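Here the structure is laid out as structure tokens; the discussion comes afterwards.
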Amino acid sequence: MNEDELAELLSSSETNPSSFPHTPRRQAASPEAVGSPDNGALHTQESPLSHYSTLNDTTALVHTQQQRILSTLDDDSLLQLVNSFHRPVERQPILGDEPDSGVGWAGGADPALSTASSPQSPEDADSGPAVSPPPNTDYASYGEYFAHKKNQQQHRDAYVKRLYQDTLNNGQEFSPIFKDCIIYVNGRTDPDRLQLHQKIILHGGQFMHFLSGKTSVTHIVASNLTSKKKLEFAKYKVVTPAWIVDSIAADKRLPWQKYALITGDEAQPKLTLNNGNPQRKDSPPSDSAATFTLDCKHPSFLESFFAKSRLHHLSTWKADLRAHFSDKFVEHGKLQRVSEDDNVAIFHVDFDCFFATVSALSNNCYNLHKDALAVAHGTSTSEIASCNYVARSFGVKNGMWVRSARRLCPQLICIPYNFEQYEINSKLLYQILDETSSFDMILPLSIDEAICVKKLHSSPHFDEVQTECEQIASSIRQRVLEVTGGCTVSIGCGASLVCARLALKSAKPDGQCIVMNMTDQSQIDDFLSGVHLKDLPGIGASIVDKVVRQILPEYVKVPTIGELKTHSSLQLLTSKLGVRTGRKVHLFLSGKDDEESCRILRNPIDFFARKSISVDINYAIRFDTIHEIDDFISRVCDHLCSKIMDLGLVTPQVTLKILRRCAHAPIEPAKYLGCGECDSFSRSSRFGLPTDQVGLIATEIKSSFRMLACPPADLRGLAIQLNQLEKKAIQINQQRLPFGGLSTIPKPVLKPDSFNSLPPILKEDVRAELSKRRIEVPQSPAGKRKISSPVKEYWDRFHGKQQGTGEQKLPSSLDEDFMSHLPSQIQREIRRDHAIVKKTRSSVRKNLVHKEEIVETRKPWLETRSTLNEIDTFQTLTRPREVCTLIGAWIDQTVSIGPHKDDLDLFDNYLKKLASKNRTHQVLLIAKLMSSRLEYHSTFAPSNQRGRQEWEEYLLRRMTAILNSSTKYPRVFDI
DNA sequence: CCTGAGCCTAAG
DNA sequence: CATCGCTTAGGCTCAGG
1 MNEDELAELL
11 SSSETNPSSF
21 PHTPRRQAAS
31 PEAVGSPDNG
41 ALHTQESPLS
51 HYSTLNDTTA
61 LVHTQQQRIL
71 STLDDDSLLQ
81 LVNSFHRPVE
91 RQPILGDEPD
101 SGVGWAGGAD
111 PALSTASSPQ
121 SPEDADSGPA
131 VSPPPNTDYA
141 SYGEYFAHKK
151 NQQQHRDAYV
161 KRLYQDTLNN
171 GQEFSPIFKD
181 CIIYVNGRTD
191 PDRLQLHQKI
201 ILHGGQFMHF
211 LSGKTSVTHI
221 VASNLTSKKK
231 LEFAKYKVVT
241 PAWIVDSIAA
251 DKRLPWQKYA
261 LITGDEAQPK
271 LTLNNGNPQR
281 KDSPPSDSAA
291 TFTLDCKHPS
301 FLESFFAKSR
311 LHHLSTWKAD
321 LRAHFSDKFV
331 EHGKLQRVSE
341 DDNVAIFHVD
351 FDCFFATVSA
361 LSNNCYNLHK
371 DALAVAHGTS
381 TSEIASCNYV
391 ARSFGVKNGM
401 WVRSARRLCP
411 QLICIPYNFE
421 QYEINSKLLY
431 QILDETSSFD
441 MILPLSIDEA
451 ICVKKLHSSP
461 HFDEVQTECE
471 QIASSIRQRV
481 LEVTGGCTVS
491 IGCGASLVCA
501 RLALKSAKPD
511 GQCIVMNMTD
521 QSQIDDFLSG
531 VHLKDLPGIG
541 ASIVDKVVRQ
551 ILPEYVKVPT
561 IGELKTHSSL
571 QLLTSKLGVR
581 TGRKVHLFLS
591 GKDDEESCRI
601 LRNPIDFFAR
611 KSISVDINYA
621 IRFDTIHEID
631 DFISRVCDHL
641 CSKIMDLGLV
651 TPQVTLKILR
661 RCAHAPIEPA
671 KYLGCGECDS
681 FSRSSRFGLP
691 TDQVGLIATE
701 IKSSFRMLAC
711 PPADLRGLAI
721 QLNQLEKKAI
731 QINQQRLPFG
741 GLSTIPKPVL
751 KPDSFNSLPP
761 ILKEDVRAEL
771 SKRRIEVPQS
781 PAGKRKISSP
791 VKEYWDRFHG
801 KQQGTGEQKL
811 PSSLDEDFMS
821 HLPSQIQREI
831 RRDHAIVKKT
841 RSSVRKNLVH
851 KEEIVETRKP
861 WLETRSTLNE
871 IDTFQTLTRP
881 REVCTLIGAW
891 IDQTVSIGPH
901 KDDLDLFDNY
911 LKKLASKNRT
921 HQVLLIAKLM
931 SSRLEYHSTF
941 APSNQRGRQE
951 WEEYLLRRMT
961 AILNSSTKYP
971 RVFDI
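Residue numbers (UniProt numbering): 1 to 975.
So this is what it looks like as structure tokens:
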């Protein structure tokens, strides 16, 4: 066994919790060995350790090798390794020990999932690693459990990758040949599975340890396949191991088709048909865009969708350009800024119908100036991303459906996207602009658009300036045409951003318009007067509509700047359009930039700084159950969290936005898999402390989704935003040395739970290794530790040392770290309660003293409240806030003596009505509220045991029963 | 009057 | 077959203290 194998061992030891250590029951080559994707996840996994049995049936050898390798690691690596086995379990303090009753009660266990648990054979049960959590306690479902497993595997793959980078490649990343590939290795291979695993993860790929219905892959590597397997894998890209080896040797991902193992017709690319003839009209792009079913439930849906979405590309390109801009200035330290007094010439440079031109040029068989061309995926309801000027002369517009465009222009030719080429040509443009020494600042606006700023040094001769600008512009245009081999840019130039933009508009296509020689306002007015309102930057259809309907007289058909100027005033504009927009429009009317647009010139770093990050998917969203949506949310959150982690950012606020099919809209809209007509809803929530933890964020979003109460089948779009991003503070885990330590690199600290999370096979060796190095080894806990709620944990932490004394100390302030781990809803409750308890601490004590008397004299509390008698108000929930307040007060006042039976009956009745009225989400909310309230009391006033027990019992028995018995909710959510 | 949530708008 | 309707930032409105 070598180090590679240890890496494999460490990175996959948790794959199969039920078989470690484990004697394989099968040969890897036999057809049953790996299992089919349909057989469910658990019992079909190939045990990652099965190969050890070929070495020796005992674990002695493993231990020896392991000890040797452990001893070669330095302290930091060892600790990191151990820590990497532990990830905090996602906690959801809802309804006591049912951590995710929000799912559990919704529709009962997913039958497919529960069968997945059954194959755990009894003989395996004892040998399972300690890390394996018992089902139904820590995870909402097996789906989540496996998601967690997968996460851990990736986490450790990343660790191993780093390790190898550091040791073998000077810390440099290996070239990410297999980026975006999710690869599964099937059966016996040469090089073997372990080596392939290493190669794949080092080069940016993702290694799947098992195939299942839920977890799919982009490639399967195999040397040979049974005919049954060939059928099964027909829809995948199945390649020989040589694809991996050769790709690495060539330092680029080679076309998989050359290594295709299955050579049926469906797997064979059509390229051979027109060999030598690159003009393949209307054929889909051959590689990478494999024949994947577009199903939002598929784990790699997000990836495959993004790969083909023009809007996604535009957005990410833009973000990348901005980031690059900022990086460059961090690097160079200095930034030219434009102050208010500077005279500047602003060049607005923009490719002409960028996508259409580039796609046409890379296809090399169309005449840009004669053929009507449009870039689009499909043939009918596909949107046109870009069309050339020939097509535009027929009235074809960007964003139009191909079907409608064809009605205007029957000879329209649709050509495919070529995102790679767009990027290349964009880089060329920026390179040319960089090389043009005339500019003080080059601001990226988008993939095909940039603003170049030239400061004018007190030259009053506008004619000279005009001439110079003309020359700059024409030389840029000439150069771009040469370098890109046919792409044209247009350039607008003016003294302000808005003038440059409007000049650009009139320069298009393939032209330039320099309007620097305007010496007086009347000339500017002349230039502006004929400009359409819609052409002003930041003025869209909605604002134009407002202007036309509310300001301009009816007879004005095409609202121009000239007309608006004669019919409006600043006062009128601000009153009709809002203060900011009104002021902006008013400034534009005189050709001046508004305050907001100026910011890009005055403080571009601030302008380009990232303030939020989000993922929106409003296409192909079709779910049946809330579980599928939960899984989807998890994946999206994963995506977002890994992004902000890379950027070193944390978020204090997350927002969920959904699109829900309008009641009257058809189930399937005209556009294939489109969202159709929808209503939009959003919900934001805050964390006590900014976080980048996917567990916290995903939980919060899932909770928000339940609040929005959208039936899964009606969901058509989903967006998750992380707002108000800030730099993650560098955590200092160690106390600073009193004599001023020289060490600046923080040493990793062994987390207490990490050691216990290690698989048993590793535990003793690691313990030995740690003790050899005098690193304190945590004691094994006596029994299996129950995962407690954060509140309990907090209580334990706070009272751990004083529990025996009987002294009940109340904290004077809230622990922010602890608070940050709670859902924001509950945080708010606790903060409020904290304030209340602080005020009434003495009275609580008094109550406790007189507990016995109180019990004797207890009366229905709820019944004595006035709100109680307005139970109808209560039931319609027109004032949910009041209801919550009432319940809170009810618990507060009865927490030591317990609720009165009459009150409970009344309350029961209310909840049942809510549940039967399709408002189960509100029952859930109330349950959460009550749960947190009780937890809270248990923390700050722990002596009132008896009453609280009664309450908790009620919560557990009655509430859960009501939630589970709800017929409406499952009907809506689990069709 | 200030603040924040939940919309809307715009851009490429 | 279809088809890939994103992402970020600012502004408006209204409710609540």
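In this text, a Cβ means the ideal position worked out from N, Cα and C, and glycines have one as well. Note that the structure is predicted; figures quoted are calculated from it, not measured.
Residues that residue i bridges to, as DSSP identifies them
{"i": "threonine 560", "result": "His532"}
{"i": "serine 446", "result": "Glu449"}
{"i": "isoleucine 613", "result": "Leu722"}
{"i": "cysteine 456", "result": "Inspection of the sequence shows that residue 456 is occupied by leucine rather than by cysteine. According to DSSP, which records beta bridges pairwise, leucine 456 is partnered with Asn343."}
{"i": "lysine 328", "result": "Note: lysine 328 sits in no beta bridge, so no partner."}
{"i": "residue 1059", "result": "Because the chain here runs from 1 to 975, residue 1059 falls outside it and cannot be looked at."}
{"i": "methionine 441", "result": "Val453"}
{"i": "aspartate 679", "result": "Arg660"}
{"i": "leucine 715", "result": "Arg660"}
{"i": "arginine 686", "result": "Gln653"}
{"i": "proline 727", "result": "The sequence shown places lysine at residue 727, not proline. For lysine 727, which the question treats as bridged, DSSP gives the partners Leu649."}
Cβ pair residue i, residue j closer than 8 Å
{"i": "arginine 602", "j": "serine 339", "result": "yes"}
{"i": "leucine 929", "j": "isoleucine 897", "result": "no"}
{"i": "glutamate 628", "j": "lysine 297", "result": "yes"}
{"i": "histidine 219", "j": "isoleucine 183", "result": "yes"}
{"i": "lysine 657", "j": "aspartate 692", "result": "no"}
{"i": "phenylalanine 588", "j": "proline 712", "result": "no"}
{"i": "serine 496", "j": "glycine 582", "result": "no"}
{"i": "leucine 708", "j": "phenylalanine 681", "result": "yes"}
{"i": "valine 654", "j": "isoleucine 697", "result": "yes"}
{"i": "leucine 456", "j": "asparagine 343", "result": "yes"}
{"i": "phenylalanine 705", "j": "isoleucine 633", "result": "yes"}
{"i": "serine 438", "j": "isoleucine 472", "result": "yes"}
{"i": "valine 547", "j": "leucine 564", "result": "yes"}
{"i": "cysteine 637", "j": "isoleucine 720", "result": "yes"}
{"i": "threonine 484", "j": "valine 531", "result": "no"}
{"i": "threonine 381", "j": "alanine 670", "result": "yes"}
{"i": "proline 444", "j": "arginine 322", "result": "yes"}
{"i": "cysteine 409", "j": "valine 396", "result": "yes"}
{"i": "valine 239", "j": "valine 217", "result": "no"}
{"i": "serine 362", "j": "asparagine 398", "result": "no"}
{"i": "leucine 722", "j": "serine 612", "result": "yes"}
When the options are compared against residue i, the one with the closest alpha-carbon
{"i": "residue 985", "options": "Ile442, Gln466, Leu929, Pro559", "result": "Absent from the model: residue 985. The displayed extent of the chain is 1 to 975, so no value can be given."}
{"i": "proline 666", "options": "Thr699, Thr651, Arg716", "result": "Arg716"}
{"i": "tyrosine 366", "options": "Ile346, Asp350, Glu464, Cys387", "result": "Cys387"}
{"i": "isoleucine 424", "options": "Ala385, Val453, Cys487, Ile415", "result": "Cys487"}
{"i": "threonine 189", "options": "His203, Ile201, Leu225", "result": "Leu225"}
{"i": "aspartate 520", "options": "Leu904, Phe462, Leu564", "result": "Phe462"}
{"i": "threonine 566", "options": "Leu577, His586, Gln165, Thr574", "result": "His586"}
{"i": "lysine 334", "options": "Ser612, Asp903, Ile605", "result": "Ile605"}
{"i": "lysine 318", "options": "Gly187, Leu294, Thr357, Asp448", "result": "Asp448"}
{"i": "serine 247", "options": "Ser529, Cys181, Ile262, Glu950", "result": "Cys181"}
{"i": "serine 223", "options": "Asp192, Gln198, His203", "result": "Asp192"}
{"i": "isoleucine 346", "options": "Cys499, Gly947, Asp525, His312", "result": "Cys499"}
The ligand GDP heavy atom lying under 7 Å from the CB of residue i
{"i": "isoleucine 551", "result": "For the structure depicted, the ligand GDP is absent and the ligand set is empty, with no information on it obtainable."}
Margin query: For the pair the segment 359-378 and the segment 386-402, tell me if three or more CB-CB distances fall below 8 Å.
Written below: As far as the Cβ criterion goes, the segment 359-378 touches the segment 386-402, which means the pair count is three or higher.
Checklist line | Minimum length 4: unbroken alpha helix (DSSP H) runs contained in the segment 347-431 | finding: Listed in chain order, the complete alpha helix (DSSP H) runs (minimum 4 residues) inside the segment 347-431 are 354-363, 389-393, 402-408.
Checklist line | the segment 497-517 touching the segment 460-469, judged by at least three CB pairs closer than 8 Å | finding: Result yes; three or more Cβ-Cβ pairs closer than 8 Å.
Item checked: the segment 635-643 touching the segment 350-357, judged by at least three CB pairs closer than 8 Å -> In short, these stretches do not touch, since the Cβ pair count stays below three.
Next item on the list: Inspect the CB distances between the segment 523-543 and the segment 383-398 and report whether three or more fall short of 8 Å.
Entry: Touching, no, given that fewer than three Cβ pairs across the two stretches are closer than 8 Å.
Check: Is the segment 250-261 close to the segment 167-180, with three or more CB pairs under 8 Å?
Finding: By the Cβ rule, the segment 250-261 counts as touching the segment 167-180, because three or more pairs are nearer than 8 Å.
Note to self: Which complete alpha helix (DSSP H) runs does the segment 883-916 hold, if anything under 4 residues is left out?
What the structure shows: Fully enclosed alpha helix (DSSP H) runs of 4 or longer: 901-916.
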